[in-house]
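K.L.:
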Amino acid sequence: METETTSQNRGFLRVLWQTIGVPIGAIVLALLFGVIILLISGANPLNAYAALFQGAFGNSTAFVRTLEKATPLIFSGLALTIGFKAGMFNIGAQGQLIMGAMAAAFIGFAVEGLPWYIHAPLALIGGALTGALFGMIPGVLKAFTGAHEVITTIMLNYIAINITDWLVGGPLQDRTTEILLPRTPRIFETAMLTQRRLVDQGIIYIILAAIVVFIVVYSIKKWMDWKEAGNDVRSFFTAYRSQFLLMLLPIFLLGLYILDFLHIGFLIAVIAAFILWWMLERTTIGFEIRVVGTNIHAARYAGIRVALIMILTMFLAGLMAGLGGAVETTGVDMRYEPGFNIGLGFDGITVSLLGKMHPLGTIPAAILVGAMKAGANTMQFQAGIPAEIIDVIQSLMLFFVAAEMIVRYVLRMRKDGTEISLTSGWTK
Amino acid sequence: MTQVLTFVRSRQGKTVIGFFAAVVVIAMFYAAQPQVTQAVLSSTIRHSTPLILGALCGLLCERSGIINIGIEGQMLMGAFMGYMVNVWTGNLILAVLASMITGALLGLLLAYMSISLKLNQVIGGTVLNILAVGLTGYFYMVGLTTAGKLTTFPLGPLAKIPLVGPVLFNNGLITYLAFVLVFVLQIVIYHTRWGLRTRAVGEHPHAADTLGINVIANRYINTMIGGSIAGLAGGFLTLESVGSFERMMTNGRGFIALAVMIFGNWKPFGAWGAALLFGFAIAMQTQLNFMGINIPHQFVGMLPYLLTIVVVAGIVGRARPPAAEGVPFEKE
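Respectively, the protein sequence lines represent chains A and B. Residue 157 is where the first sequence starts when you use this note's numbering, and the numbers rise one by one after that. Residue 18 is where the second sequence starts when you use this note's numbering, and the numbers rise one by one after that.
1. With distance defined between alpha-carbon atoms, name the residue in A/N246, A/M535, A/G269, A/K225 nearest to A/M466.
2. Have a look at the DSSP bridge pairing and note the partners of B/F170.
3. Confirm, please, whether the CB-CB distance from B/L76 to B/P285 is below 8 Å.
4. Quick check on DSSP: helix, strand or coil for A/I315?
5. Apart from the five residues on each side of it in sequence, which residues of its chain come closer than 6 Å, Cβ to Cβ, to A/R170?
6. Tell whether a beta-carbon distance below 8 Å holds between A/G474 and A/A279.
7. Could you list which residues in chain B have their beta carbon closer than 7 Å to that of A/V306, in chain order?
8. Here's the rule: buried if 16 or more other CB atoms are within 10 angstroms of the residue's CB, otherwise exposed. What is B/T209?
9. Would A/Y396 and A/K378 qualify as a contact pair, given that the criterion is a beta-carbon distance under 8 Å?
10. Against chain A, does B/Q302 count as a neighbour if the rule is that its beta carbon must be under 8 Å from one of theirs?
11. For B/T54, which residues in the same chain have their Cβ closer than 8 Å to its Cβ, ignoring the five residues on either side in sequence?
12. Could you give the DSSP three-state label for A/T159: helix, strand or coil?
13. For A/F231 versus A/L410, is the C-beta spacing smaller than 8 Å?
14. How far does the alpha helix (DSSP H) with A/E492 in it extend, from its first residue to its last?
15. Could you tell me whether the Cβ of B/V232 comes closer than 8 Å to any Cβ of chain A?
16. Just to confirm the assignment, what range does the alpha helix (DSSP H) spanning B/K177 have?
17. Under DSSP, the alpha helix (DSSP H) around A/K529 begins and ends at which residues?
18. So, under 8 Å CB-CB, B/A96 and B/G251 are touching, yes? Tell me the CB distance rounded to an integer number of Å.
19. For A/E160, collect the residues of the same chain with a Cβ closer than 7 Å to its Cβ; drop the 5 residues on either side in sequence, then sort them by chain order.
20. Could you work out which residues of chain B lie near A/D330, taking near to mean beta carbons separated by less than 8 Å?
21. Looking at the secondary structure, which residues open and close the alpha helix (DSSP H) in which B/P51 lies?
22. From A/M255, A/L234, A/P271, pick the residue whose C-alpha is nearest to that of A/D321; which is it?
23. Do you know offhand how far A/I523's Cα is from B/F346's?
24. Taking C-beta pairs closer than 9 Å, name the residues in chain B that A/L297 reaches, listed in chain order.
25. Are the region 280-299 of chain B and the region 196-211 of chain B touching by the rule of at least three beta carbon pairs closer than 8 Å?
26. Give me the Cα-Cα distance between B/L359 and B/G107, rounded to the nearest whole angstrom.
27. Do B/L126 and B/G109 have their beta-carbon atoms positioned less than 8 Å apart in this structure?
28. Considering Cα atoms alone, identify which of B/A234, B/F196, B/I279 is closest to A/A303.
29. Please determine, among A/P179, A/V178, A/L185, A/I180, the residue with the shortest C-alpha to C-alpha distance to A/I549.
30. Looking at chain A, is there any beta carbon in it that lies within less than 8 Å of the beta carbon of B/F286?
31. Nearest by alpha-carbon distance to B/F272: which of B/T61, B/I88, B/F295, B/V33 is it?
32. Since A/A421 and A/T217 should fall inside the 8 Å C-beta cutoff, what is the C-beta to C-beta distance between them, to a whole number of angstroms?
33. Throw me the rounded Cβ distance for the A/M311 and B/Y157 pair, which I believe falls under 8 Å.
34. Would you give the residue range spanned by the alpha helix (DSSP H) that A/D381 belongs to?
35. Does B/F272 come within less than 8 Å of chain A when only Cβ atoms are used?
36. Quick one: Cα of B/V57 to Cα of B/Q304, how far?
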């Protein structure tokens, strides 16, 4: 019994290492190359990384900021991940995100007199749908004309910038201040995702209680089944360990939220990641999306409507990115202003690949990238290093995580054999 | 008579007729408004130069079977290094060389990722793009003084021809280089041994390998030469067009160049025609503003991007890219 458990444990550790070894190796290698670049520019790498870490995790405010920065990244990471699952490279998350942010801001300041529990969700849904419709365009183009999504989505990014620039400089400009700035008016209080309100309403405690009850009922049922099957008592926990850990996560998050460590957007992002994971792994549509991504010819042969799946995938990707933009507007920025959301969509590429293109993997990956963003300002103030070094390290991470071979060689790791085609060539 | 008809229906015939139609239209405009026509055409040439150079880069890479999404990044880094060398040495020729070498080095990185590491080439190109944005953003400093920019110089008597002279033969060094490169690549790809081998490698690397062509070396060299041309496009932006560097100044030109390449059916002359069309669309943008037509400038600014989407959506289904493109070569 004893030996069996240890071997099982070792197996668990090996699986864990196989899963997160490459991303972690990539991060370490990227940070090492970052040291070289910092040395070239005459900065002290130790000071730089110390300041970076302090700015990201040094105290509770820093940690809250890290999670706040991670929130839109989870969404854009999901927007990339779902595209990758269908074999499409959605570089257009940026455009979809700013369209969503714009729409949420519009609903936030143009609609007046609604109670918050209608107004705020309305802004989120409006933003998400705008992003989804904008994201659908490259899906439709790819499905019907074969236009490669990389080019169309990038072009749509520029088009989105032009559209939003025009809106904030013209029809939707904030005219309440003396000096006219290219930005929308501030959204109403009712559309804001300010967190204390939910706590004050007591709703959060009801949700918490519901989750606890669910977990208890679920475990008792599993326990009964387990005993009925006549299995050993101790191995019950080994068998369901990962499930229990997973179920503790929402309680942990809600706890953080109640203690004011979290803004509600992060919770929404985590829930979205779980829903997407469930959809991809457990539903027919998710299965069809994965088949299209793995082998488009097999998908066609199996009678999957490939065109429909492509459009749906891009719709969902745009939905995620748009929701990310909406959450950013209603939770952090409180208005749309060009420059607020720069690069969030592109960071999704790194987040998604670091998360091994797994919806739940985007969460830790986004927290990591979010931590770098949160720490970048501290680094700039304390160590006097331009915050742009973060972009360099991030691109190195992307390089190393994409070039798995290098990392595997350094770590002496074997291949785990899961490969999917990330994106296609010019033609289908 | 039938011979004439077949010629008219053929691809070449259509090109020739299109060319003459364009000449006639331009001549008519010139007769009516010489100043405006000349301004628009000069601006067209200016805006098409980085596009044609980018497209030639993509064309060389793709003809040998490497998809290059990283043109944008190669341009940006080329622009930046050209600018920095201009600041350090004050020598514009050295600066042009620096931008080309930078592009070639990034081409080497792309080739290493896609040929040796067998990485997904689209991801590899994206790595280049993000790396370029990060590095240029990090090392860029505001307010450096440069040794000016490449000036235009007329090409002797050729520049005296009305309209054609000032538009075509009164440009800067890199623009002339771009003209020359179009012809050079057309000849290299279709009329030299190297070009034949490159096309073979891009279409059927295994057949090429059987015949003793070194597929890997061919792809490496083409990707690096392509990279240096993209770097030259970046050099055009900082050294000839603007005269200084700005963060993310390439503004999507690398991707538009890909559309130009596709529109031009992976052929140098075709790409040139497409680049001129795109350049014209961008030139109209400024001209419309001058003419006082009251459209928000953002809508006109969208034109090249919209045109790219239309081209990619309308053409790709019918265009035929090199067959082995995007597939890593594995010796059997």
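Positions of the beta carbon are idealized from the N, C-alpha and C atoms, including for glycine. Treat the numbers as computed from the prediction; the structure is a model and nothing was measured.
P.N.:
Working from what's here:
1. A/N246
2. Residue pairing of B/F170 in beta bridges, as defined by DSSP: B/N188.
3. yes
4. Under the three-state reduction of DSSP, A/I315 is assigned to helix.
5. There are no such residues.
6. In this structure, A/G474 lies away from A/A279, with their beta-carbon atoms at least 8 Å apart.
7. I86, V139
8. exposed
9. yes
10. no
11. Cβ neighbours of B/T54 beyond the five flanking positions: I43, F46, Y47, L180.
12. For A/T159, the predicted structure reports a pLDDT of 48, less than 50, and the residue's modelled location is therefore unreliable. A value from the coordinates is still provided. Here A/T159 sits in helix by DSSP.
13. no
14. The amino acid at residue 492 of chain A is misidentified as Glu; the sequence shows Tyr. Neither: A/Y492 is in no alpha helix (DSSP H) and is coded neither H nor E.
15. Taking Cβ atoms only, chain A never reaches closer than 8 Å to B/V232, which makes this a no.
16. Per DSSP, B/K177 belongs to no alpha helix (DSSP H) and is neither H nor E.
17. 518-538
18. That pair is a contact at about 3 Å.
19. Legend: pLDDT at A/E160 = 49, less than 50; position of this residue unreliable, value from coordinates given subsequently. Excluding sequence neighbours, A/E160 sits near nothing in its chain.
20. Simply none; closest approach about 18 Å.
21. Note, B/P51: alpha helix (DSSP H), 51-80.
22. Considering only alpha carbons, the answer is A/M255.
23. 37 Å
24. I326, V329, A330
25. These segments touch.
26. Residue 359 of chain B cannot be examined here, being either before or after the span of chain B that is shown, 18 to 349.
27. What sits at residue 109 of chain B in the sequence shown is Leu, not Gly. The answer is no: Cβ separation not under 8 Å.
28. B/I279
29. Considering only alpha carbons, the answer is A/L185.
30. no
31. B/I88
32. Note on residue identity: the sequence assigns Gly, not Ala, to residue 421 of chain A. At roughly 17 Å, the Cβ-Cβ gap does not stay under 8 Å, so A/G421 and A/T217 are not in contact.
33. The C-beta distance from A/M311 to B/Y157 rounds to 26 Å, too long to meet the 8 Å contact threshold.
34. Counted as a single uninterrupted DSSP element, the alpha helix (DSSP H) harbouring A/D381 occupies residues 359-384.
35. Chain A, which has a Cβ nearer than 8 Å to the Cβ of B/F272, makes this yes.
36. 7 Å
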